[in-house]
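K.L.:
Starting off with a structure, shown below.
Below, the structure written as structure tokens:
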């Protein structure tokens, strides 16, 4: 059974290349980007301005893969891909929680943008702390390492084989 | 541009019908369910047992829609679909943060399961508080209402036109 989605828009961001880009929103503080929402979907943005954060789901269009065992950015040990945020997933779906800065006529301005320019957006959901925030969750092998995402930058390990065709590090 | 995904497995849950089912994991405390992961993807589950919570992304296969303006379960005012967790989204992608109970030979046992039996699973990500937890986020029109999801149950407003073909309320 195939599941077919159609982008509702795409990201415009300063990240033109994988190499050197942030690997999580925590490493992209102050970097703004835009989701240009296709005109036929803009009605769906009504009331979104009341939310301080959004969950953005996007297609990691430059990811090569999949690989079921990956070497993540923040570790030296190979890990099962579903225990990582690597883009080399069987379905290369990216997820970032981003602060919402502004709603414009064409879409949304977001902060802490860790997404490659041109990335297709699949869905936008409001971040609701009761549903989505679990501050005491235990983070497995990432415990004590996830904070390093604030300073770590992408390299080419997840990039597609073609030169400069990155997957959006994650 | 179409994006094609293939399920990595599917949910087995006690929720056979939309009507009466929980609308969020907060309303499904103690209800366990299983993700049966297809054999060819099970290698990707390695190391996942260290995480207390997972982000599960699934295809709301019984959702009718899309509708850009919806009447959410927790409100009497129509809202833009991207400002809600309604299943009537242009791309009917569901997201739940669920506690991980056990890893088995066939897949994962999860708690607080608010998903319809048979729902196809698209991706599983580890929940990482540094990346995903924003306890102070402002929840727009859901502020002061999202707690009601703990007791609210699904009705048929999001169900497909066919009898008993629900979308997984959300």
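Protein chains in written order, with our numbering: chain A, 7 to 176; chain B, 7 to 176.
We put the beta carbon where it would ideally sit given N, CA and C, even for glycine.
Using only the alpha-carbon positions, how far apart do residue 51 of chain A and residue 11 of chain B sit?
P.N.:
Residue 51 of chain A and residue 11 of chain B: Cα-Cα distance of roughly 25 Å.
K.L.:
Starting from residue 129 of chain B, trace the beta strand (DSSP E) in both directions and tell me its first and last residue.
P.N.:
126 to 132
K.L.:
Does the beta carbon of residue 102 of chain B fall short of 7 Å from some heavy atom of the ligand MG?
P.N.:
By its list of ligands, the structure shown contains no ligand whatsoever, and the ligand MG lies outside what it can speak to.
K.L.:
I'd like to know whether the C-beta atoms of residue 15 of chain B and residue 100 of chain B end up nearer to each other than 8 Å.
P.N.:
no
K.L.:
I need the straight-line Cα distance from residue 21 of chain A to residue 121 of chain A, nearest angstrom please.
P.N.:
7 Å
K.L.:
Helix, strand or coil, according to DSSP, for residue 115 of chain A in the structure here?
P.N.:
Strand.
K.L.:
Is residue 121 of chain B helix, strand or coil when you go by DSSP?
P.N.:
coil
K.L.:
Ignoring anything shorter than 4 residues or poking outside the stretch 131 to 157 of chain B, list the alpha helix (DSSP H) runs there in chain order.
P.N.:
135 to 138
K.L.:
Of the residues A:145, A:147, A:134 and A:124, which one's Cα is nearest the Cα of residue 19 of chain A?
P.N.:
A:124
K.L.:
Let me check understanding here. Comparing Cα to Cα, which of B:118, B:97, B:108 and B:135 lies closest to residue 55 of chain B?
P.N.:
B:108
K.L.:
Cβ closer than 8 Å: which chain A residues qualify as neighbours of residue 134 of chain B?
P.N.:
91, 143, 145, 148 and 152
K.L.:
Chain B partners of residue 130 of chain A, CB-CB under 8 Å?
P.N.:
88
K.L.:
Under 9 Å Cβ-Cβ, which residues of chain A neighbour residue 103 of chain B?
P.N.:
In chain order: 137, 138, 139, 140 and 143.
K.L.:
Cβ closer than 7 Å: which chain A residues qualify as neighbours of residue 61 of chain B?
P.N.:
101
K.L.:
Helix, strand or coil for residue 159 of chain B, going by three-state DSSP, please let me know.
P.N.:
strand
K.L.:
When you compare the CB of residue 69 of chain B with every CB in chain A, is at least one pair closer than 8 Å?
P.N.:
no
K.L.:
Which of the residues in the stretch 38 to 57 of chain A, read from start to end, lie with their CB under 8 Å from any CB of chain B?
P.N.:
Listed by position along the chain: 47, 49, 50, 51, 52, 53, 54, 55, 56 and 57.
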